[in-house]
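One structure is given here, and the rest of the page talks about it.
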Amino acid sequence: MPLREARFVVFDTETTGLDLTKNRLLSIAGVGVTGLEVHLDDAFEALVLQTDVGGADAAVIHGMVSSDLGSGLPEDEAVARFLAFAGDSILVAHHAAFDVRMLRKAIAPHRGARVWNPTIDTAQLAQRLEDGAMSSGRAEGAGSREAYQLDNLVARYDIEAPERHTAAGDALATALLFQKLLKKAERRGIHTVGQLLAR
Amino acid sequence: MSSDSMILTVASRLGRHPPFDRLEPELLERVARRVRIRYLERDEVVFEQGQAAKPEFYVVIKGEVAVSQQVDGQTLLVDVCDDGDIFGVRALLAERRYAARTQAKDDTLLYVLPKETLEELMRDEPRVAMFFAAGFAADLPPRLDANRLEAVRAARLHERANSAGDDVRRVDPVRDVLTCKADTTIRVAAQLMSQRNVGSILVVDDERRPIGIVTDSDLRKKVVGQARDVSGLISDIMSAPVLTIDDQTTVSSLIATVMKKHVHHFAVTEDGTPSTPVIGIVSEHDILKTQGSHPTVILSEIGRAKTKERLRALRDQAEDLLRRYLEEEVGMGFLSNMITEINDNLIHRAIHLSLQELAEQGMKPPSSFCWLALGSEGREEQLLRTDQDNAIVYSDPDEDEAEQARAFFVELGERVVDVLVEAGFARCPGDVMASNPKWNQPLSTWKRYFSDWIREPEKMAVMHTNIFFDLRPVHGDESLAHALKEHIFERIKTDRAFLTFFAQNATQNPPPLSFFRNMIVESSGEHRDAFDIKARAMMPLADAARVLIYDLGINIYGSTAERWHRIARADETLTRLSEEAAMAYEILMRIRAMEGLTRGTSGRYVHIKELNKLERQTLRNTFSVVKDVQLMLTSRYRIDFLR
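Structural data, given as structure tokens:
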């Protein structure tokens, strides 16, 4: 499928921390990118109801107030709704592996519920496009890894991202980054989703 | 669940720019929900010249978009859109092809909004409708005209109601009014006033009906000043009767009363008469506080001014008021009426004072006369105190009194012109003023002047005497002005060639092609930084309207905008263009007045780089109207044949 015809859903999850086994989902936000444009009329945002959250550091990172944690949807329901919103589109996230694992964990108790969607990691994509057409996209060394943190990419690609560190703010920043990367990919001769997903 | 924080981020980004900065948060959010974000790499094209309009328009969020036009095989850069600029609207509203190519000059981020959003905003938001309608008037299709004008009218009414609508504003009395009985001692009443920290106390009877009032100035004058015993009764020092009103009284009618009767307080009673109980009180201070300076107040003060200095101070006040109203975007029709009313009254007063001085020397007008305003003053559009252009016409005296009449009216002309100079209206550099004997003549001479100009228009053009054709009676015997005007119409009827010269005059100065940033783009490709708004945009429209009203026999004294409205009604083939010309002219007047007030100049040379984006865009859009008007004159009067 041509890049310009596909629907990508760029998303971000916000969690109580970065440890998959201990931490819980706080919110999910996603926005559609179709025809290389970010569509605000195709956006999703859900807060997750968490009653037993201990990680005070999350509140610091995400600037969340405790009252936010008391409202929202049950975790599995929030993820199920997000997956319904995403449909069969390609999921895109920064360090996507982590976010996808958070989604999988949330719906794990439900038999047969899976995340089937193809996924794209904007960190890997950026590195691949910057390093050369056929780079594997594997992170090489700590310095390089840091260069592909969302903060650094946002600065390097001159993206306005006023509401960082919320799921919605990061999803929007990632979408704007992804949009630029898609243009870059086209210039590298990548015109189809297949080419984009190919390793 | 909705995606609120993402939408809010986009809404706040969009809300930095006009017209979105004027939207209520709720509506802004609704607009933000429709945004598509597009990223353009350098040199990427948004649309091509000649391409059919897409059902969307664009806001530049970051970066730059070059707008270029193919003219005679050459590519001409006509504009550069940067942060907050909107493009793609004109073709969209006109449902026609794009008139230019748009291309990213640099990496650029656009917010793309659907056509429906534009339509919704124009329908529901008068202020936004005004933004788009005024800015893009030149490109609207006839189908939308009615809606557009309706929206603009609604916007003006709205503005008027908010900014200048004292005609309907009711008084807002102080309800918690301090009262006392007639047998209260002065000491007790004064204590009550000081406890409550109020400046007045109403004296009432047993049924709380007002019988008098005591103010702190009464206490000062009658008690302290006359060393009166404070154990005396309050009724001894009260002013009676008290003027009573009801709470439906309008502010404007009160201002008139305050001015006429020098009263400072009104008791508000149940039915507005002294025979019902008091429910409140309104002071002059309360009224003026809500008004600030007010045109009615200024007008009435002008009528009482005794000195030139006072007239100047009042005209200065009017200018402050003008500045405030311009900033509040009060309708131009209202503003020019207001200032014309003030200017005319100032002239009345100047003439009155001068006649008084002459009378003291035993000189009286030997015959009836009429003071004529010419040029922009004649067209009722002299917002700023630019040069005077005036004249006197008087009824033909008997031969033996001719010299005496001549001497008297020149003397009068000189005195009035001097007063006007003192009030801040500079002398006309071309000496077209009533102090010049040449322009201070009996009716028969004036008729001869016009006959000559109409017979030999070449001379007229050289002398710039076309401003005489805007004559308007301001003071005195208006029938003299009417007679002169009738004469002009008759002469023109028999000498149509004159109109062609008149029309040619109106096409001498073509508008610039466009401008971007702080440069004007001339069709020669030349660039300049200051723009002669008078010669290049306003005069062509004023000249054209003058030709057409004389051609169509529309005998009115009125502004250029009013003239265009009348032309629109008189000739169907000109309706659309005329309505656009009227609107364009008012926009130009506003821009010129702002420039003039900001820089303390006549506003004639507009500095492009000091205009905001909206003003720049709006000004640029008037150029196509000026150009269309000139094309229309050229074909209507076959001017090309003369060249």
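Going down the list, the sequences are from chains X and Y. Using the working numbering, you'd call the opening residue of the first sequence number -17 and step up by one each time. Using the working numbering, you'd call the opening residue of the second sequence number 2 and step up by one each time. Glycine included, C-beta positions come from ideal geometry on N, C-alpha and C. A quick note: this is a predicted structure, and the numbers were derived from the prediction, not measured.
- Sequence-distant Cβ neighbours of X/Arg63 in its own chain, meaning closer than 8 Å and more than five residues away, are Phe26, Ala28 and Leu55.
- Only residues of its own chain outside the window of five on either side were considered, and among them Ser369, Phe370, Cys371, Val394, Tyr395, Ser396, Leu444 and Pro474 have a CB closer than 8 Å to the CB of Y/Leu481, listed in chain order.
- Against chain Y, the CB of X/Val74 has no partner CB under 8 Å away; the residue lies outside that interface.
- Proximity to Y/Ala562 across Y/Gly51, Y/Gly334, Y/Gly554 and Y/Ser69 peaks at Y/Gly334, based on C-alpha coordinates.
- Pairing Y/Ile87 with Y/Asp247, the inter-Cα distance amounts to about 51 Å.
- The Cβ of Y/Ile8 sits closer than 8 Å to at least one Cβ of chain X.
- In the DSSP assignment, Y/Val283 forms a beta bridge with Y/Phe267.
- C-alpha of X/Pro(-16) to C-alpha of X/Phe160: approximately 16 Å in a straight line.
- In the three-state scheme derived from DSSP, where H, G and I count as helix and E and B as strand, Y/His353 is classed as helix.
- In the DSSP annotation of this structure, the continuous segment of the alpha helix (DSSP H) that includes Y/Asn506 starts and ends at Ala498 to Ala507.
- Under the Cβ criterion (8 Å, minimum of three pairs), the segment 483 to 500 of chain Y counts as touching the segment 449 to 456 of chain Y.
- If you draw a straight line from the Cα of Y/Arg14 to the Cα of X/Asp(-6), it comes to about 21 Å.
- Looking at X/Ala149, X/Lys165 and X/Ala167, the one whose alpha-carbon comes closest to that of X/Val30 is X/Ala149.
- Secondary structure in the segment 402 to 465 of chain Y: the beta strand (DSSP E) runs of 3 residues or longer, each lying completely within the stretch, are 441 to 443 in chain order.
- At the C-beta level, Y/Arg102 and Y/Glu57 stay beyond 8 Å of one another.
- Here Y/Leu589 is actually not in contact with Y/Ile468; their C-beta atoms are around 18 Å apart, not less than 8 Å.
- Taking C-beta atoms as the reference points, X/Ala68 and X/Thr101 fail to come closer than 8 Å.
- With respect to chain Y, the C-beta atom of X/Gly171 has no partner C-beta closer than 8 Å.
- DSSP places Y/Pro19 outside both helix and strand once states are collapsed to three, so it counts as coil.
- Within the DSSP bridge table, the entry for X/Phe(-10) names X/Val15 and X/Ile72 as partners.
- Annotation: Cβ neighbours of Y/Asp5 in chain X (cutoff 7 Å, chain order): Glu27.
- Rounded to whole angstroms, Y/Gly601 and Y/Met595 show a C-alpha spacing of 10 Å.
- Under the Cβ criterion of 8 Å, X/His147 is not counted among the residues facing chain Y.
- At a cut-off of 8 Å, the C-beta of Y/Ala33 has a neighbouring C-beta in chain X.
- Here Y/Tyr40 is near X/Lys165, since their CB atoms are less than 8 Å apart.
- Taken in chain order, the members of the segment 58 to 86 of chain Y whose beta-carbon sits within less than 9 Å of a beta-carbon on chain X are Ile62 and Lys63.
- The straight-line gap separating the alpha-carbon atoms of Y/Asn437 and Y/Glu404 is approximately 15 Å.
- Taken through DSSP and simplified to helix, strand or coil, Y/Tyr551 comes out as helix.
- For X/Ala150, the nearest beta carbon of chain Y is closer than 8 Å to its own beta carbon.
- Residue environment: Y/Glu320 is assigned as buried (16 or more neighbouring CB atoms within 10 Å of its CB, all protein chains considered).
- Contact between the segment 300 to 312 of chain Y and the segment 333 to 349 of chain Y is established, with three or more Cβ pairs separated by less than 8 Å.
- Per DSSP, the unbroken alpha helix (DSSP H) holding Y/Ser579 starts and ends at Thr576 to Arg600.
- Looking at the backbone, the Cα of Y/Asp217 and that of Y/Ala583 are separated by about 54 Å.
- Residues of the same chain with a CB within less than 8 Å of the CB of Y/Leu179, apart from the 5 flanking positions on each side, are Leu193, Met194, Arg197, Val199, Ser201, Ile202 and Leu203 in chain order.
- By the criterion of a C-beta distance shorter than 6 Å, Y/Ala183 is surrounded in its chain by Val204 and Ser236, once the five residues flanking it on both sides are discounted.
- By the C-beta density criterion, Y/Val47 is buried, having at least 16 other C-beta atoms within 10 angstroms.
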